[in-house]
Amino acid sequence: MISITNLQASIEGKSILNGINLDIKPGEVHAIMGPNGAGKSTLSSVLAGRSDYEITGGKVEFLGKDLLELSPEDRAREGLFLAFQYPVEIPGVSSTNFLKTAINEKRKYHGLEPMEATDFLKFMRSKMEEMEMDKSLTSRSLNEGFSGGEKKRNEVFQMAMLEPKLCIMDETDSGLDIDALRLVSAGVNKLRNKERSFLVITHYQRLLDYIVPDYVHVLYKGRIVKSGDASLAKELEVKGYDWIKQEVEAAV
Amino acid sequence: MIFTEQIKADFNLYMAQAADDDFTRLRQHAYSVFEQLGIPSIQLEEWKYSNLRPIQQGQFTTSCVSKLDADSLINAGILNKIVANKLVFVNGCLFPELSIWLETDERIKVCSLATARKEHTALFDTHFGKYIDFSNDGLLALNTALMSDGAFVYVPEGISLQYPLMITNITDATEHNLFQQPRNLIVVEKNASASIIENYLAVGSYPSFTNVVNEIFVAENASLEHYKVQRAAGETYQTNFTQIHQLANTKINQVTLTLDGNWVRNNLHFFMNGQHCNSLLYGLYIPDGNQFVDNHSRVDHAMPNCYSDEKYKGVLKDHATAVFNGKIVVHEDAQKTNAYQRNQNILLSNTATINTKPQLEIFADDVKCTHGATIGQLDEEPMFYLRSRGISEQEARRLLLNAFADDIAEKIKIPELVSILESEIERKL
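Sequence order for the protein chains is A and B.
When we follow my numbering, the leftmost residue of the first sequence carries the number 1, and every step to the right adds one.
When we follow my numbering, the leftmost residue of the second sequence carries the number 253, and every step to the right adds one.
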């Protein structure tokens with residue numbers, strides 16, 4: 001699915017990612033954990049194509065294409081989806097119009113005719129039912145006045161609509177209470193299948209109780225310093241990050 | 253100046269055949285004021301960005317003769333999709349073939365101003381010239397001295413217009429330069445209501461100068477929707493002065509959309525002369541090319557307990573220039589005033605210019621007032637969010653600009669008009 005090799009990135013001359021190596025195969029769920037400032041959000045931003053970062057080395061292959069050469073919109077059209085940590089409120093742009101535009105731009109990119117309005121509405125209704133979305137959310141302006149939980153659920157709903165191949169979830173659990181966290185996770189789990197991969201970025205283990213990963217990686221100082229299965233997350237929950245930091249410092 | 257000499261000749265011509273009455277004497281007085289003040293120059297603080305010098309070099313015809321027939325006027329876009337009462341003026345004169353009257357209540361008086369002076373003389377004399385003050389304003393004086401025709405609207409006590417009234421002014425400059433001075437007088441009596449659209453269009457490529465004055469009186473407990481749609485494309489210059497005088501418990505929603513026109517200067521003045529007035533002022537301007545758009549507004553809170561909310565938005569492209577100058581004056585007696593004012597601008601090119609000046613003058617001590625202006629480009633975050641969903645940069649920009657502009661268009665409460673204007677806005681963006 002995606003193959004990240006020795007990826008290095010900096011912002012305003014400050015190096016944040018110092019050689020990330022990561023392979024994700026179809027259907028796998030990988031979690032990236034790490035202390036604050038380790039570079040977690042930078043990794044998701046760089047993969048989605050945010051222009052604030054300078055790529056200083058390495059490469060990323062996504063479904064056989066050089067991801068770093070693609071514009072943010074082309075990455076999305078190829079099947080990459082970033083669920084934002086802070087989804088943006090866009091007054092005046094209706095959720096429906098936004099989704100229709102996004103879907104049709106993707107279809108156009110793949111040489112397909114735009115979806116008929118009635119087909120689109122039917123499709124959206126079925127996805128809303130599947131994801132148990134409240135109608136009022138899609139009739140409003142995009143994310144405008146949504147609570148934190150509603151915004152995150154809307155991210156997952158967009159994911160269901162756009163049917164991406166790789167979903168990057170950037171600190172989806174931040175700012176969610178336990179009920180909202182359950183709802184959001186349930187939505188994500190519905191979207192898991194043999195082809196679709198996930199990269200779940202989180203500071204806390206609790207999200208991984210609901211979205212159980214196949215692999216867990218620990219990011220520290222811009223590198224993946226430890227990898228394991230879901231039990232690594234449990235270990236981190238009990239022991240914190242300090243022992244990993246010490247291990248890394250001792251190795252240097 | 254060629255222009256002022258021509259005006260002098262026109263005025264002498266008018267005087268030679270004028271009756272000896274109060275109306276003539278008013279116009280004579282107005283002309284003498286104009287002779288003193290002249291056309292405003294950029295040396296005046298309120299006109300420092302708005303240069304009318306170009307029109308003063310030219311000679312203009314004031315005749316309203318037009319060879320346009322009804323069909324070509326409809327093609328010029330008189331918003332014929334809207335079901336409304338219509339008064340159509342071409343080069344300042346009423347064009348009866350295209351005027352439509354749908355109301356059944358005969359107590360409503362709607363006609364040309366010239367007809368009103370003859371047939372509704374008492375009403376005319378009660379209201380005409382009573383709400384504007386031309387002693388300090390050369391253009392108001394000039395309009396009063398040498399006005400063309402215009403609309404007279406009288407909605408009597410307790411009556412609501414069933415349909416909107418659209419007053420369309422078409423500039424026909426296909427054969428020569430044109431100078432016209434439309435003058436509208438609108439009176440909405442107690443407990444009455446009306447929805448009025450001022451609609452400006454132009455055809456032809458000769459230069460034209462249109463000097464509009466609107467006098468609007470809204471009596472106690474009445475409400476008014478007032479929309480100004482400016483689409484007079486071509487070599488047009490327009491000065492448009494609107495004075496709204498409102499009494500207690502009145503509700504007014506005013507929206508100004510400036511889309512086309514080479515040079516436009518609007519003055520919108522509200523005078524709140526009663527308690528519990530509620531006035532909304534919204535505006536949108538989308539100048540491109542070398543267009544110039546100036547919106548000056550003034551809201552006088554003269555009495556306590558009134559509310560006003562003003563929001564003007566602009567999207568500027570190419571070499572366009574815009575001016576916003578909004579003044580809220582809270583008089584000494586106007587305690588418990590709530591007054592808000594915002595001006596937001598998006599500049600889409602390095603060569604577009606905006607001059608914005610929000611102003612508050614407060615003489616009362618128990619009021620709530622805010623004002624502010626922003627100038628910028630489209631925000632990065634929403635752009636990236638949309639692009640990260642597969643929407644192209646161009647399409648994302650279109651969505652965001654339309655959302656910015658539709659916020660104002662949606663203040664118009666006539667759905668057919670809103671949908672026409674939204675596609676017009678899309679064309680400009």
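By construction, the Cβ of each residue, glycine as well, lies at the ideal position given by its N, Cα and C atoms.
Classification of A604/B by the beta-carbon crowding that lies within 10 angstroms, buried from 16 upward: buried
Of the residues N343/B, Q309/B, G310/B, A648/B, which one's Cα is nearest the Cα of L325/B? N343/B
Going along chain A, which residues have a C-beta under 7 Å from P634/B? V88, I90
Measure the CB-CB distance between P416/B and A485/B and report whether it falls below 8 Å. no
Quick check: is the beta carbon of R641/B nearer than 8 Å to any beta carbon in chain A? yes
Just to confirm before moving on: does the CB-CB distance between E221/B and L499/B stay below 8 Å? The structure shown has nothing for residue 221/B, since chain B only spans 253 to 681.
Endpoints, alpha helix (DSSP H) assigned at Q495/B: It is not in any alpha helix (DSSP H) - Q495/B instead sits in the beta strand (DSSP E) that spans 488-498.
Indicate, with yes or no, if the ligand NAD has a heavy atom lying under 7 Å from the CB of E371/B. In the structure on display, the ligand NAD does not appear, and there are no ligands present to speak of.
Report the rounded CA-to-CA distance for I244/A versus K234/A, giving the unit in angstroms. 14 Å
Just curious, the beta strand (DSSP E) that L532/B is in, first and last residue? 530-537
Is it buried or exposed for K370/B, if we count other Cβ within 10 angstroms and need 16 for buried? exposed
L47/A CB to nearest chain B CB: under 8 Å? no
Around the C-beta of T56/A, are 16 or more other C-beta atoms found within 10 angstroms, so that it is buried, or is it exposed? exposed
Name the chain A residues that come within less than 9 Å of E647/B, Cβ to Cβ? E73, T101, E105
Which residue from N21/A, G79/A, T138/A, L207/A puts its Cα closest to that of L181/A? L207/A
Would you list the one or two residues that DSSP bridges to Q611/B? K579/B
Within a Cβ cutoff of 8 Å, which residues of the same chain sit near E171/A, ignoring the five residues on either side of it in sequence? K40, S41, Q85, I201, T202, H203
Leaving aside the five residues before and after V340/B along the sequence, list all residues of the same chain whose C-beta is less than 6 Å from its C-beta, in chain order. F347, L350, S351, T420
Given a cut-off of 8 Å, decide if V248/A and N637/B are closer than it, judged by their beta-carbon atoms. According to the sequence displayed, residue 637/B carries Tyr and not Asn. Their beta carbons are not under 8 Å apart, which means Y637/B does not touch V248/A by this criterion.
Have a look at the DSSP bridge pairing and note the partners of A403/B. S364/B
Using a Cβ-Cβ distance cut-off of 8 Å, determine whether A160/A contacts chain B. no
Quick one: what's got a C-beta closer than 6 Å to S475/B's C-beta in the same chain, skipping five residues either side? S445, K503
What do you reckon, are the CB atoms on A572/B and N542/B nearer than 8 Å? yes
Please list, in chain order, the residues of the stretch 13-45 of chain A that have any C-beta partner in chain B closer than 8 Å. none
Three CB pairs or more closer than 8 Å across the stretch 463-470 of chain B and the stretch 437-453 of chain B: yes
Apart from the five residues just before and just after F576/B, which ones in its own chain have a Cβ nearer than 6 Å to its Cβ? N547, Y564, N595, T608
Compute the Euclidean distance between the alpha carbons of V455/B and N514/B, then round it to the nearest angstrom. 13 Å
Just to make sure I have the definition right: I need the residues of chain B whose C-beta is within less than 8 Å of the C-beta of R50/A. Which are they? F636
Local conformation of G148/A per DSSP, three classes: helix
Residues of its chain near D59/A, where Cβ-Cβ distance is below 6 Å and the 5 sequence neighbours each way are ignored: Looking at the sequence provided, one finds Lys at residue 59/A rather than Asp. Closer than 6 Å at the Cβ level, and outside the excluded window around K59/A, lie T5.
Once the 5 residues before and after H528/B are set aside, which same chain residues still bring their CB inside 7 Å of it? A500, N501, N557, C558
Opening and closing residue of the alpha helix (DSSP H) in which T118/A lies: 117-130
Please report the Cβ distance between S45/A and I90/A, rounded to the nearest whole angstrom; I am assuming they are in contact, meaning their Cβ atoms lie under 8 Å. Not really, about 19 Å apart at Cβ, beyond 8 Å.
From the DSSP output, in three-state form, read off I666/B for me. coil
R50/A versus L82/A - alpha carbon distance: 11 Å
Can you check whether the C-beta of V225/A is within less than 8 Å of a C-beta belonging to chain B? no
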